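Asks: To start, I am sharing the structure in question, which I have written as structure tokens.
Numbering (the working numbering), first residue to last: 5 to 306.
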């Protein structure tokens, strides 16, 4: 199991680094990473729906897939549209002047459309009372949990480039590595025994240390190397970023564990030997991305 974990982990990192490099050089931001987002979100959605079905809940699956695809498509496409619209109408004040002020407006519209679609599908298949509310709740949950949270990482890519994406992934995943390593070596006191018995307080401290170190390396070396015009991030900024992103990542890990524990599952899937499912890999990123977005948007880092 450990051998598979190391082998596939190395392969995943190599592919991700390669795609990030290509995307960094591309004329259209996100053109190489967006297909990866689509594939990852599709598989994670399938795993969440499988977990829901294990709990006896069966929403209309295609509506969840479509709503999540709509959300990330808007998160990627809206910034491109706004940029091209501004360039095409520079000085005319026509299209650009009436375009939404940001991607968030479009994402809210996409979310509303997705929820409406979920309701419509349940209306069409309704035959007798019982189960509809649970089906609606599970479907909307999957859209908010996966599709909506995933849009934050895409927005980071579109607004602050690959350096922004790298900061989230490096800080979060180094936290995962720190928690696993320190927890295995000296972990004694359980962090959340009812939800995830394997996680320890010592591991959480290790995660914080690894994440802060990764944040320092990211903002002192990687970000300036990728964007020479970037302003210098203060030590307080990168330290706070490392701590906040790490904590939110650990929260995301526990959030997924809560769902799995409720339906008596150890992993969200079995597609990736040594790791489990796709959701087992991205769970921490889902909750870390909104926190990272807040730091970048506020100007505390970058």
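Backbone N, C-alpha and C define an ideal beta-carbon position, used for all residues, glycine too.
From a predicted model like this one, the values you see are computed outputs, not experimental measurements.
In terms of residues, what are the limits of the alpha helix (DSSP H) holding residue 185?
Replies: Residues 153 to 190.
Asks: Exposed or buried, which one is residue 137 when buried takes at least 16 other CB atoms within 10 Å?
Replies: Exposed: under 16 other Cβ atoms inside 10 Å.
Asks: Have a look at residue 56 and residue 142 and give me their C-alpha separation to the nearest angstrom.
Replies: About 7 angstroms.
Asks: My output table needs one value for residue 1: the three-state DSSP class, helix, strand or coil.
Replies: Outside the shown range of the chain (5 to 306) lies residue 1, about which nothing can therefore be said.
Asks: Which one or two residues does DSSP pair with residue 200 in a beta bridge?
Replies: In the DSSP output, where bridge partners are listed per residue, residue 200 has 196.
Asks: Do you know how far the Cα of residue 163 is from the Cα of residue 251?
Replies: Between residue 251 and residue 163, the C-alpha separation is close to 24 angstroms.
Asks: State yes or no: is the C-beta of residue 272 within less than 8 angstroms of the C-beta of residue 283?
Replies: Taking 8 angstroms as the Cβ cut-off, residue 272 and residue 283 qualify as a contacting pair.
Asks: Determine whether the beta carbon atoms of residue 3 and residue 237 lie at a separation below 8 angstroms.
Replies: In the structure as shown, the chain starts at 5 and stops at 306, and residue 3 therefore has no counterpart that could be examined.
Asks: Going by the DSSP bridge assignment, what does residue 280 pair with across the sheet?
Replies: Per DSSP, 276.
Asks: In terms of alpha-carbon separation, which member of 203, 285, 167 lies closest to residue 232?
Replies: The residue with the shortest Cα to Cα distance from residue 232 is 167.
Asks: Return helix, strand or coil for residue 231, following the three-state DSSP convention.
Replies: Residue 231: coil per DSSP, three-state reduction.
Asks: Thinking just about the alpha-carbon of each residue, which of 75, 280, 207 is nearest to the one in residue 150?
Replies: Among 75, 280, 207, the Cα nearest to that of residue 150 is on 75.
Asks: Which of helix, strand or coil does DSSP assign to residue 130?
Replies: Residue 130 falls in the coil class under three-state DSSP.
Asks: Report the residue ranges of all alpha helix (DSSP H) runs contained in full by the segment 48 to 127; include only those spanning at least 4 residues, in chain order.
Replies: Those alpha helix (DSSP H) runs which fall completely within the segment 48 to 127 and span 4+ residues are 65 to 92, 99 to 102.
Asks: What does the alpha-carbon distance come out to for the pair residue 91 and residue 218?
Replies: Spanning the two alpha carbons is a distance of roughly 37 angstroms.
Asks: Three Cβ pairs or more, each shorter than 8 angstroms: is that satisfied between the segment 66 to 84 and the segment 291 to 305?
Replies: With the cut-off at 8 angstroms, the segment 66 to 84 and the segment 291 to 305 do not touch.
Asks: Can you tell me where the alpha helix (DSSP H) with residue 31 in it begins and where it stops?
Replies: Unbroken run through residue 31: none, as it is neither H nor E.
Asks: Three or more C-beta pairs closer than 8 angstroms, one from the segment 239 to 257 and one from the segment 31 to 49: is that the case here?
Replies: Because the criterion of three Cβ pairs below 8 angstroms is not met, the segment 239 to 257 and the segment 31 to 49 do not touch.
Asks: Report all residues from its chain with a CB closer than 6 angstroms to the CB of residue 248; omit the five preceding and five following residues, and keep chain order.
Replies: Correct list, in chain order: 295.
Asks: Taking the alpha-carbon positions, what's the residue 146 to residue 301 distance?
Replies: Cα to Cα, residue 146 sits roughly 26 angstroms from residue 301.
Asks: Run through DSSP, which three-state label would residue 303 get?
Replies: Correct three-state label for residue 303: coil.
Asks: Grouping DSSP H, G and I as helix and E and B as strand, with all else coil, what is residue 207?
Replies: Of the three classes helix, strand and coil, the one that applies to residue 207 here is helix, per DSSP.
Asks: Measure the alpha-carbon distance for residue 304 versus residue 18 and round it to whole angstroms.
Replies: One C-alpha to the other measures close to 30 angstroms.
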